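Read the structure below first, then the notes.
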Amino acid sequence: MEKVFSGRYVNLGSLAQEINSIFISEGWESIVQTMSPMMPQGGSQYADYMIRATKKGHMHHVEEVIVRIAGVPNDFRLIIEEEHIGALGRELMERKLIKTIDKEINDGLFDMPMIPQQISVPQPQSNQVRCSQCGAVNSAGSRFCSSCGAKLM
Ligand SMILES: [Zn+2]
1 MEKVFSGRYV
11 NLGSLAQEIN
21 SIFISEGWES
31 IVQTMSPMMP
41 QGGSQYADYM
51 IRATKKGHMH
61 HVEEVIVRIA
71 GVPNDFRLII
81 EEEHIGALGR
91 ELMERKLIKT
101 IDKEINDGLF
111 DMPMIPQQIS
121 VPQPQSNQVR
131 CSQCGAVNSA
141 GSRFCSSCGA
151 KLM
C-alpha cells in the first residue's frame with residue numbers, strides 16, 4: 001500500500017526513526033537505511049529511507065516488513081511493500097503503525113522549524129545620518145531630511 005502526504009514540512013529522517021522505534025517497541029528487529037542518491041551539491045531535499053523490520057512468526061517463519069519514505073519534506077510517499085508481509089506485519093500496520101504515523105504527522109510532530117526570514121533594515125554608515133522623524137537615511141552633511149524635510153541633528 002501507498003499513502004501520499006503533502007502540505008506539511010516534515011523532517012523525513014525523524015519520521016523514519018519514529019517508524020523504526022514503533023517496530024522495535026513491538027518486538028521487531030528493525031533498521032533504517034537511507035537510499036538517497038548522493039547529491040554532489042547538497043542542494044536537493046529529496047530523501048528516500050527504507051525501514052526494514054523482521055520478526056519470527058509462527059513455525060519460526062520470519063516475517064519481513066519494508067516501509068519506504070520517499071520524496072521531499074512537503075510531498076512524500078509512505079510505501080509499505082507487501083511482498084513478504086505476514087499476519088504479524090499486517091496486524092501491526094492495521095492496529096498501530098499507520099494510525100500513529102498519520103496522527104503524528106497531522107499533529108506536526110515532525111515539522112521542521114521555519115527558516116526565519118532575513119529582515120533587512122538598512123543601517124546608516126558612518127557618513128550617513130538617520131532621520132529621527134521618518135527613518136530615512138541621509139548623508140551626514142544634510143541639515144534637512146531628504147524624505148520628510150525634518151531638521152536633522
Ligand atoms: Zn525624515
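In terms of the UniProt record's numbering, the sequence shown opens at residue 1 and continues consecutively. The beta-carbon is built from N, C-alpha and C at its ideal position, and this holds for glycine as well. Please read these numbers as outputs of a predicted model, since none were measured by experiment.
Any idea what DSSP makes of residue i, helix, strand or coil?
i: Ser14; result: helix
i: Glu94; result: helix
i: Glu83; result: coil
i: Glu26; result: coil
i: Ile111; result: Reading off the sequence, residue 111 comes out as Asp, not Ile. DSSP places Asp111 in strand when its eight states are reduced to three.
i: His61; result: coil
If the criterion is Cβ atoms closer than 8 Å, does the pair residue i and residue j meet it?
i: Phe76; j: Ile66; result: no
i: Ser36; j: Ala47; result: yes
i: Ala87; j: Gly108; result: no
i: Ser6; j: Asn106; result: no
i: Lys55; j: Glu29; result: yes
i: Phe110; j: Val32; result: no
i: Asn138; j: Cys145; result: yes
i: Glu2; j: Ile79; result: yes
Considering residue i, what are the terminal residues of the beta strand (DSSP E) in which it resides?
i: Lys55; result: Ala47 to Lys56
i: residue 160; result: Missing from the structure shown is residue 160; the chain here goes from 1 to 153 and no further.
In the DSSP assignment, what residue or residues form a beta bridge with residue i?
i: Asn138; result: Val129
i: Ile19; result: None; Ile19 has no bridge partner.
i: Phe76; result: Phe5 and Gly71
i: Ile66; result: Arg52 and Glu81
i: Lys151; result: Phe144
Would you say residue i faces chain C, with C-beta separation under 8 Å as the test?
i: Phe76; result: Checking the listed chains, one finds no chain C in this structure; it contains a single protein chain.
Can you determine whether any heavy atom of ligand 2 sits closer than 7 Å to the C-beta of residue i, and answer yes or no?
i: Gln133; result: This structure lacks ligand 2; its bound ligands are ligand 1.
query = Per the contact definition of three or more C-beta pairs closer than 8 Å, is the segment 87 to 102 in contact with the segment 125 to 141?
reply = Between the segment 125 to 141 and the segment 87 to 102, the count of C-beta pairs closer than 8 Å stays below three; the two stretches do not touch.
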